[in-house]
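The structure under discussion appears below in the form of structure tokens.
Protein chains in written order, with our numbering: chain R, 1 to 305; chain P, 1001 to 1152.
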């Protein structure tokens, strides 16, 4: 499988076999870390929009493999302020680095950058569109915890309308034989275009607004934050914030093997009282960002075949 | 054949006849090809009898042959249309327009936060469904239906 010089822009670009190969590589990297694997390689970390988790985990992934990191964490100090196009910024960055990791508030920015760059571009989030490395780490987390993906009942909870992690993960899961449960208020339902895509692939899914009606069947529950910034009207936000709260009262209703995931940051969707329970998988999930991003960096840089 | 009869009414020596346009789409085709300001000989027919459509529109353009991109544009607004290429009063080639699998450069992305609306970039869409027409932006991946498709 050829990953060298490949861009990582959208989960839609990956076949099932390619996804499984990335997960396998991540497991390999995690089991036998090689601190000099990426020695001599430079990663440009271009964050045109602030991000803590994604940026830190990419930078940590790179430095722990012996690579170097250059870049910026917010666009204020760059020539962007002077009106430089993204195209030109990328044309400059490709001369300084072997791989570009970027986050940008505009949708499609990463694909556009990849067309400009001769070095591989990894999308760390483009507006409300894609965040493929998050999806890879979500899949890795499910695989690692459950030993499989096929046959699982996977629930999504919260803002399914705007949540890009939900959209990408649902698309990725459509390669597998899973049943999906979409639990959300009516106004924050999974968009029709995604449901049609799942229909086209023959994926079984159920839509539910009452969490307790679905939660008992789930093997994995992927909770999301209802994002304040998505609502122009603060009153509207208040109506939905806190609709679903996961706390110890759910325990009698769930399978003992249920695992709760969350892309973080959380607000009040998951009560910290669940943190120490066997259900909580979200911190481990965040940690899995390292081996998954290390695997992707090593693959596109050609240091792992 | 009704087609031949129509062609005889006001035959053109060389040019293009766009036939079997559903009447409602006739003016969209005119606008798409900028025919309102054209200096070519342009004949427009509307509400012509058609066995296939009941009523149809027709556009004849003397002395002009369409590019692939123009034909692709027509397929988006009038997917039912036929194109006849006329040379020396004869139909040299006749074909139905066909929505391509990939649409490049001819439509605008409806997502205002798409990179193609922010800086110079040629648009590109994958057709995800033909009837009803739905396309996915190659860049922002937003799916847009026919009602929101805007020509670039």
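A virtual CB, placed ideally from N, CA and C, is assigned to each residue, including glycine.
Residues of its chain near residue 285(R), where Cβ-Cβ distance is below 6 Å and the 5 sequence neighbours each way are ignored: 141 and 261
Chain R contacts made by the stretch 1132-1143 of chain P, where a contact means CB separation under 9 Å: 1134, 1136, 1137, 1138, 1139, 1140, 1141, 1142 and 1143
Any Cβ of chain P within less than 9 Å of the Cβ of residue 195(R)? no
I want to see whether chain P comes within less than 9 Å of residue 127(R), judged by CB atoms only; does it? Yes, residue 127(R) counts as interfacial toward chain P.
Under the three-state reduction of DSSP, which class applies to residue 219(R): helix, strand or coil? Secondary structure of residue 219(R) (DSSP, three-state): coil.
In angstroms with no decimal places, state the Cα-to-Cα distance between residue 152(R) and residue 161(R). Each residue's Cα considered, the two are about 23 Å apart.
Backbone CA spacing between residue 1022(P) and residue 1115(P) [nearest angstrom]: 35 Å
Based on DSSP bridge pairs, tell me the residues matched to residue 163(R). Answer is none; residue 163(R) lacks a bridge partner.
Is the CB-CB distance between residue 1015(P) and residue 1063(P) below 9 Å? Cβ distance < 9 Å, so residue 1015(P) and residue 1063(P) count as in contact.
How many angstroms separate the CA atom of residue 114(R) from the CA atom of residue 10(R)? Residue 114(R) and residue 10(R): Cα-Cα distance of roughly 11 Å.
What would DSSP say about residue 141(R), mapped onto helix, strand or coil? helix
Contacting positions in the stretch 1100-1129 of chain P - beta carbon closer than 7 Å to chain R: Listed by position along the chain: 1111, 1113, 1114, 1115, 1116, 1118, 1119 and 1121.
Pull the bridge partners of residue 8(R) from the DSSP assignment, please. 122(R)
With DSSP as the reference, please indicate the residues paired to residue 1062(P) in a beta bridge. Among the bridge pairs identified by DSSP, residue 1062(P) is matched with 1015(P).
Scan the stretch 83-95 of chain R for residues whose Cβ lies nearer than 8 Å to a Cβ of chain P and list them as they occur along the chain. Legend: CB atoms of the stretch 83-95 of chain R lying less than 8 Å from CB atoms of chain P belong to residues 85, 86 and 87.
Work out the CA separation of residue 1139(P) and residue 1049(P) for me, nearest whole Å. Rounded to the nearest whole angstrom, the C-alpha separation of residue 1049(P) and residue 1139(P) is 43 Å.
Reducing DSSP to helix, strand and coil, say where residue 112(R) ends up. helix
What is the DSSP secondary structure of residue 1022(P), counted as helix, strand or coil? In the three-state reduction of the DSSP assignment, residue 1022(P) falls in the strand class, which pools E and B.
Verify the CB distance criterion: does residue 15(R) have a CB-CB separation below 9 Å to chain P? no
Compare the C-beta of residue 12(R) against all C-beta atoms of chain P and say whether one is closer than 9 Å. yes
In or out: residue 1125(P) buried (at least 16 other Cβ within 10 Å) or exposed? buried
What residues are listed by DSSP as bridge partners for residue 358(R)? With chain R running from 1 to 305 in the structure shown, residue 358(R) is simply not present.
What number of angstroms, rounded off, separates the C-alpha of residue 98(R) from the C-alpha of residue 1145(P)? 39 Å
Can you pull out the residues from the stretch 112-136 of chain R whose beta carbon lies closer than 9 Å to at least one beta carbon of chain P? 112, 113, 115, 126, 127, 128, 129 and 130
For chain P, check one thing: does any of its Cβ atoms lie closer than 9 Å to the Cβ of residue 99(R)? no
Who does residue 1049(P) pair with in a DSSP beta bridge? 1055(P)
Counting only runs of 3+ residues fully inside the stretch 43-109 of chain R, write out the beta strand (DSSP E) ranges in chain order. 68-72 and 99-104
Alpha-carbon to alpha-carbon, residue 1152(P) and residue 120(R): 30 Å
Could you tell me whether the Cβ of residue 49(R) comes closer than 9 Å to any Cβ of chain P? no
Chain P contact for residue 300(R) (CB, 9 Å cutoff): no
What is the rounded straight-line gap between the Cα of residue 124(R) and the Cα of residue 105(R)? 11 Å
Could you give the residue range of the alpha helix (DSSP H) that holds residue 284(R)? 282-287
Residue environment, residue 188(R), which counts as buried when at least 16 other CB atoms sit within 10 Å: Burial call: buried.
Helix, strand or coil: how does DSSP classify residue 1029(P) here? helix
Just list the residues that DSSP pairs residue 1125(P) with in beta bridges. As a beta-bridge residue in DSSP terms, residue 1125(P) pairs with 1103(P) and 1137(P).
Interface partners of residue 109(R) on chain P, CB under 7 Å: Those are 1115, listed as they occur along chain P.
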